[in-house]
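Numbering (the numbering used here), first residue to last: 465 to 887.
We put the beta carbon where it would ideally sit given N, CA and C, even for glycine.
Okay, structure first, notes after.
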Ligand code: UD1
């Protein structure tokens, strides 16, 4: 496992191109299973998670070609509607194949994801929706087995869930009759999935709202799609710019998807200039404390909670960050404290005392966004930080090393084995 060694204190400037959205491409890849045909995806980020999903599609029997951010998927040869534990345990988004597989084969066996570093992360809403669509759902030796011909129904979600909305959408496009989903998630990644399904011939009304109406179709077809830019990657670089930037230009992001975070960054004093081709951001002379509460889109995303806490360690005063989506998603807090941050955690509420002088330290984290928050801390910390388990970053940030280096960060990848040999 590799580590990043980051020398802090260097100002960032220049252009950073934003990659395709991980959370959009994963369900879109799964959607290609619904109907046997050829699919071409552009702007696919080369990430561990996209490779894991490609591997899963291959296990199911698809042929996948992935080169230079272009992915070609042929699902005509699929024959094995199964998602093995070995893959699902490494990436929960593998569960996205559930809806497509039942829709296509009338049966499937998908490993139930286990626990997660952010708490229980249940899939009850996915399963309840499949049952409402007429599937018989059982648990057999750790696997969800779903069988049956799907029929449209009304599904009212108690909680807004990105995954359950995506899975249900992918099942409903082939269910007989009409399905109505209320309290559906409307994250841009769900909108992107719905548009992709429309291109496959699905009938979906209400895209971009919390009520989706789907009229099941007997036939769909292959298609071609451009993956939307990754708003979480873009926002992570915007926060890097607000912490250490001297005109950092974020290129290729969709500004519409960043309204909330841009507002928060400006409230914190960051200098933001919106250009047609790029969003430019610079560090404020003094960072103001700004509280955030995570919420479903268009609210502040839980996927940017860790990065905001890091930013707020530099604010002139105290701020409060609450995660209402994932109550236990705070693995980064003890690591930031090791770097000198002053953060008090009570349940899902973090109180950050700023400004804190961060000092480089060896740190590690157990998920993608928490790791990103440690990179941000390392960029402004005095001295050198070592961030282990770089593979978490590789799951969600394409070429992060190259992108940061191009902005002027001092970041080096070191293989752990190398250190053992030297030691
Ligand atoms: C997706 C994103 C993840 C993001 C999250 C919230 C992907 C691959 N992952 O995860 O990066 O942090 O949305 O924006 O797109 N819940 C239930 N029962 C369920 C499902 C969810 O109670 O069956 C709850 C969860 O515990 C959580 C809330 O619903 O409190 C939202 O979770 P959800 O939107 O489903 O997250 P994911 O789709 O897993």
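- When beta bridges are read from the DSSP output, residue 506 appears opposite 690.
- In the three-state reduction of the DSSP assignment, residue 775 falls in the helix class.
- Take the alpha-carbon of residue 796 and the one of residue 850: they are about 14 Å apart.
- For the set 591, 541 and 606, the Cα lying nearest the Cα of residue 552 is the one of 606.
- Rounded to the nearest angstrom, the Cβ distance from residue 788 to residue 758 is 5 Å, consistent with a contact under 8 Å.
- In the DSSP assignment, residue 713 falls within the unbroken beta strand (DSSP E) covering 709 to 715.
- Apart from the 5 residues on each side of it in sequence, residue 876 sits with its Cβ closer than 6 Å to the Cβ of 469 in its chain, given in chain order.
- The three-state reading of DSSP puts residue 802 in helix, counting H, G and I together.
- Every alpha helix (DSSP H) stretch that sits fully inside the stretch 609 to 692 and reaches 4 residues is listed by chain position as 626 to 636 and 652 to 663.
- The Cβ-Cβ distance between residue 783 and residue 791 does not fall below 7 Å.
- Residue 727 counts as exposed, since fewer than 16 other C-beta atoms from the protein chains shown sit within 10 angstroms of its C-beta.
- Residue burial is scored here from C-beta neighbours: residue 824 has at least 16 other C-beta atoms within 10 angstroms and is therefore classed as buried.
- Taking the Cβ atoms as the reference, residue 465 lies roughly 13 Å from residue 859, outside the contact range of under 8 Å.
- Going by DSSP, residue 470 is part of the beta strand (DSSP E) stretching over 466 to 471.
- For residue 574, the secondary structure class from DSSP, reduced to helix, strand or coil, is strand.
- Between residue 735 and residue 746, the C-beta spacing is below 7 Å.
- The C-beta separation of residue 844 from residue 822 comes to about 6 Å, placing the pair in contact by the 8 Å criterion.
- The stretch 697 to 706 and the stretch 669 to 688 do not touch, with fewer than three beta-carbon pairs separated by less than 8 Å.
- For the options 811, 510 and 804, the alpha carbon positioned closest to that of residue 826 is the one of 804.
- Look at the beta carbons and you see the stretch 506 to 514 touching the stretch 477 to 495: at least three pairs across the two are nearer than 8 Å.
- Beyond the five residues adjoining it in sequence on each side, residue 671 comes within less than 8 Å, by CB distance, of 655, 658, 659 and 662 in the same chain, given in chain order.
- The beta carbons of residue 491 and residue 560 sit closer together than 7 Å.
- Annotation: the continuous beta strand (DSSP E) that includes residue 745 extends over 742 to 746.
- Judged by beta-carbon spacing, residue 712 lies beyond the 7 Å limit of residue 756, meaning their Cβ atoms are not closer than that value.
- Collapsing the DSSP output to three states places residue 491 in a helix.
- Separation of the CB atoms of residue 691 and residue 489 is rounded to 5 Å, and the pair is thereby assigned contact status at 8 Å.
- The three-state secondary structure of residue 476, taken from DSSP, is strand.
- Note that the C-beta distance between residue 500 and residue 539 is below 7 Å.
- Inclusion of residue 789 in the 6 Å shell around the ligand UD1 follows from its C-beta lying nearer than that to a non-hydrogen atom of the ligand.
- 577 is the residue among 545, 577 and 872 whose C-alpha sits nearest the C-alpha of residue 557.
- With a cut-off of 6 Å, the C-beta of residue 766 is classified as near the ligand UD1, since at least one heavy atom of the ligand falls inside that distance.
- Between residue 685 and residue 716, the CB-CB gap reaches or exceeds 7 Å.
- In terms of Cβ geometry, residue 702 and residue 732 do not form a close pair [threshold 7 Å].
- Under the three-state reduction of DSSP output, residue 837 falls in the helix class.
- Taking non-hydrogen atoms of the ligand UD1 into account, the C-beta of residue 829 is found less than 6 Å away from none of them.
- Burial check for residue 575: the Cβ neighbour count within 10 Å reaches 16 or more, so the residue is buried.
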